[in-house]
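In terms of the numbering used here, the sequence shown is residues 1068 to 1637.
Every residue gets a Cβ at the ideal spot worked out from N, C-alpha and C, and that includes glycine.
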Amino acid sequence: MYYIALATDYDGTLATNGKVSPETLAALKRFKDSGRKLILVTGRELPDLKKAFPEFKLFNKIVAENGALIYTPASEEERVIATPPPPAFIDAMKTRGVDRMSVGRAIVATWEPHQTTALDLIREQGLELEIIFNKSAVMILQSGVNKATGLDAALGDLGFSAHNVIGIGDAENDHALLRRCGLGVAVANAIPALKETADLVMRSERGRGVENLIDRILKKGGEEPLVRKQVLTIGCNDDDTPVSLWPTDTVLIAGTSGIGKSTLATALTERFVEKDFQFCVFDPEGDYDGLENAVVVGDGESAPTQEQALQLLEQGDTNVVVSTLALELDERPPFFTAFLPELGQLRSRCARPHWLIVDETHHLMPKRREDTPLVLSVRFPGMIMITVHPDSVSADALKLATAVIALGPEGDKVIKKFCAMTGREMPKGVKPASDEQVLFWRPDDEDAPRAITPIKPRQSRKRHSRKYAVGSLNEQGSFYFRGPGDKMNLRIQNLMIFVQVAEGIDEDTWLHHLRAGDFSKWFKKQLRDDEMAQEARVIEQDESLSPDDTRKGIIEAVRRRYTAPDAAPE
1068 MYYIALATDY
1078 DGTLATNGKV
1088 SPETLAALKR
1098 FKDSGRKLIL
1108 VTGRELPDLK
1118 KAFPEFKLFN
1128 KIVAENGALI
1138 YTPASEEERV
1148 IATPPPPAFI
1158 DAMKTRGVDR
1168 MSVGRAIVAT
1178 WEPHQTTALD
1188 LIREQGLELE
1198 IIFNKSAVMI
1208 LQSGVNKATG
1218 LDAALGDLGF
1228 SAHNVIGIGD
1238 AENDHALLRR
1248 CGLGVAVANA
1258 IPALKETADL
1268 VMRSERGRGV
1278 ENLIDRILKK
1288 GGEEPLVRKQ
1298 VLTIGCNDDD
1308 TPVSLWPTDT
1318 VLIAGTSGIG
1328 KSTLATALTE
1338 RFVEKDFQFC
1348 VFDPEGDYDG
1358 LENAVVVGDG
1368 ESAPTQEQAL
1378 QLLEQGDTNV
1388 VVSTLALELD
1398 ERPPFFTAFL
1408 PELGQLRSRC
1418 ARPHWLIVDE
1428 THHLMPKRRE
1438 DTPLVLSVRF
1448 PGMIMITVHP
1458 DSVSADALKL
1468 ATAVIALGPE
1478 GDKVIKKFCA
1488 MTGREMPKGV
1498 KPASDEQVLF
1508 WRPDDEDAPR
1518 AITPIKPRQS
1528 RKRHSRKYAV
1538 GSLNEQGSFY
1548 FRGPGDKMNL
1558 RIQNLMIFVQ
1568 VAEGIDEDTW
1578 LHHLRAGDFS
1588 KWFKKQLRDD
1598 EMAQEARVIE
1608 QDESLSPDDT
1618 RKGIIEAVRR
1628 RYTAPDAAPE
């Protein structure tokens, strides 16, 4: 479920003439029994609310005094998060004839037309106070304190994100609440301005409107209402209209090696940050080392642990890259298999992280692994699967995809492989996109795959540098010192080992590979570093250099670009 909490106003929304009906109470209980949380967000002072609403303990959190006071009914803990107006202000209000006034822990409340007196005193005393209206009620609070800031404090206690909260209200002081929540709702009796702010307007008034909203959310098999402010723009069509993903999408990004899949994923993480979505990247090969706005767990020397990653993800404002570069190739799929259900439990509790990027999906969820369907029994919308070989990914995983992004000159073949694996009919007339575009397709829609221009990342990222420096390349990607006549078969899994072996290898073996151009070929084909390959090629072809000079030149180039502490190849 995407929405895991309801934040509701009290007067005019939940309550009619200060009282909540038995039918509305029953709806609130149904919502809570579904495993979701209830948050009451009101301008009332807490003692007054408790007197009017004896069932207040039904709520997990209460935000009172228009955001200034956080109350936990289960523990009866109160926390004031705003500075109250000074006594001199309150005394002056009384002196100037404001007789209908109440003073809370941090709020001063009165009625129209006393807002004029309050404003005059704020100016005279030079106070940083703000006047907030709730229909004819007037509330004076510390500047910047409102229902949205109070909700944020309550959500911090619960470990939730506002993306996964529905807010509902009726009056002026509910604008901030509705804007902050993932879905902002107005009851039918709300003021016109609030209806303009709301994402959804109910047809029924007050408590009946709340009941209808709850029934809609809990309706079996019904789709939860998602709105434009939750979408993620990933590119644009030829007419510049945006192309978007929803937080409930499961996405396949596929294409040939080195075509830009990780670059697109990096750009997506930047959009996650802009939208305040928490993300986790499962990074088998160290491709996302140095990713901005994320904490990396694990590196080339030390393996990550589930505990490390989950503890960081418990903090709603922390994004995590789980790097399994230090694990052997055959150890990575079992680690992922054990990690995903734990991540699913975190998601079931607090709906975070909102997005999970799984790189090298063909390795982590291959069609040959028997436990892949079991792992995928943990429904995980908001997952982005990245692969070079979609035909090697579990069909159960591919069938979850609601969007496919195919990159490169063989993008049409990606679509064809996806259809073959999922039992879908290949759409007609699919052509590969241009170099600057990708194919975007929603398999469940009638529209055919279309070429779009994807977003680009702003950050420069060290592509694969960590993996090549200290990781473990597979057999096909490794370099082999064989020497003349294939007298040896020395496998080099990374550049750190390459440097160590190159320094001590015998001269005949070194020259054998140097004259054959094997070093530049490896740098170009396997490391996909054209600049490094060109630098090595110049050394290989310079017959004026001694064998020792060529060895020093190539080793120095590797150290400078990859293994030195400040090396940062693009």
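Where residue i sits in the DSSP three-state scheme
i       : result
Met1068 : coil
Met1493 : coil
Gly1288 : Bear in mind that the predicted position of Gly1288 carries a pLDDT of just 49, short of 50, making it unreliable; the figure below should be weighed with that in mind. Residue state, collapsed to three classes: coil.
Asn1386 : coil
Arg1530 : Because the pLDDT at Arg1530 is just 47, under 50, the model does not fix this residue reliably, and the point stays unresolved.
Thr1083 : strand
Pro1636 : Low confidence applies here, because Pro1636 scores a pLDDT of 41, under 50, leaving its location unreliable; read the following figure in that light. Pro1636 falls in the coil class under three-state DSSP.
Ser1169 : strand
Cys1248 : coil
Ala1334 : helix
Leu1073 : strand
Gly1236 : strand
Gly1411 : helix
Pro1433 : strand
Ala1500 : coil
Ile1622 : helix
Asp1350 : strand
Gln1375 : helix
Met1488 : helix
Tyr1355 : coil
Phe1227 : coil
Val1340 : helix
Gly1302 : strand
Pro1521 : strand
Phe1507 : strand
Arg1146 : strand
Gly1380 : A small fix is needed here, since residue 1380 is Leu in this sequence, not Gly. Leu1380 falls in the helix class under three-state DSSP.
Ile1258 : coil
Thr1428 : helix
Val1268 : strand
Other residues of its chain near residue i: CB distance less than 6 Å, five sequence neighbours each side excluded
i       : result
Ala1370 : Ala1393, Leu1394
Glu1197 : Leu1208, Ser1210
Ala1221 : Ile1106, Lys1128, Val1130, Ile1137
Proximity test, residue i beta-carbon vs the ligand GDP heavy atom, cut-off 7 Å
i       : result
Asp1076 : Ligands are entirely absent from the displayed structure, and the ligand GDP is therefore not among its contents.
For residue i, the nearest candidate out of the options (CA to CA)
i       : options                            : result
Met1563 : Glu1368, Glu1191, His1242, Glu1341 : Glu1368
Pro1524 : Asn1360, Gly1478, Lys1434          : Asn1360
Thr1323 : Gly1475, Glu1278, Gly1193, Tyr1355 : Gly1475
Val1481 : Glu1503, Ala1464, Asp1463, Phe1507 : Phe1507
Pro1292 : Tyr1070, Leu1136, Leu1335          : Tyr1070
Leu1186 : Lys1202, Phe1156, Leu1423          : Phe1156
Gly1217 : Ala1462, Ala1173, Phe1346, Gly1552 : Ala1173
Pro1678 : Lys1484, Ile1326, Ala1462, Arg1626 : Residue 1678 is absent from the model: the chain starts at 1068 and stops at 1637.
Gln1382 : Ala1583, Gln1345, Gly1171          : Gln1345
Enclosing alpha helix (DSSP H) for residue i [first to last residue]
i       : result
Met1563 : 1562 to 1571
Gln1182 : 1182 to 1192
Phe1120 : Taken as a continuous stretch (DSSP letters only), Phe1120 belongs to no alpha helix (DSSP H), as it is neither H nor E.
Thr1323 : Careful: Thr1323 lies outside any alpha helix (DSSP H) and carries neither H nor E.
Asp1538 : Strictly speaking, residue 1538 in this sequence is Gly, with Asp absent from that position. Unbroken run through Gly1538: none, as it is neither H nor E.
Pro1516 : Where Pro1516 is concerned, there is no enclosing alpha helix (DSSP H), given that its DSSP letter is neither H nor E.
N-terminal and C-terminal residue of the beta strand (DSSP E) that residue i is part of
i       : result
Phe1044 : Any property of residue 1044 remains undetermined from this structure, which presents the chain solely from 1068 to 1637.
Ser1311 : 1309 to 1312
Lys1104 : 1104 to 1108
Leu1128 : The amino acid occupying residue 1128 in the given sequence is Lys; Leu does not appear at that position. Counting along the chain, the beta strand (DSSP E) containing Lys1128 begins and ends at 1128 to 1131.
Gln1010 : With the chain covering only 1068 through 1637, there is no way to say anything about residue 1010.
Ala1470 : 1470 to 1473
Leu1557 : 1557 to 1559
Residues of its chain near residue i, where Cβ-Cβ distance is below 7 Å and the 5 sequence neighbours each way are ignored
i       : result
Ser1088 : Gly1274
Pro1351 : Thr1391, Arg1399, Asp1426, Glu1427, His1430, Leu1431
Ile1606 : Leu1612, Thr1617, Gly1620, Ile1621
Lys1591 : Asp1597, Ala1600
Ile1519 : Gly1302, Cys1303, Asn1304, Val1310, Gln1504, Val1505, Phe1507
Lys1328 : Ile1320, Gly1322, Ile1453, Leu1474
Arg1549 : Met1555, Asn1556
Lys1484 : Pro1457, Asp1458
Met1165 : The residue you asked about is not Met; residue 1165 is Val in the sequence shown. Excluding residues within five positions, the ones whose Cβ falls inside 7 Å are Thr1177, His1181, Thr1184.
Thr1083 : Arg1273, Gly1274
Min CB distance residue i to chain D below 8 Å
i       : result
Thr1139 : Here there is only one protein chain, and chain D is not present.
Supposed contact pair residue j and residue i - C-beta distance, whole angstroms, cut 8 Å
i       : j       : result
Trp1178 : Ala1204 : 6 Å
Leu1380 : Arg1419 : 7 Å
Val1566 : Arg1626 : 6 Å
Own chain partners of residue i with C-beta closer than 8 Å, once the 5 adjacent residues on each side are dropped
i       : result
Glu1651 : Look at the range of the chain in this structure, 1068 to 1637, and you will see that residue 1651 is not part of it.
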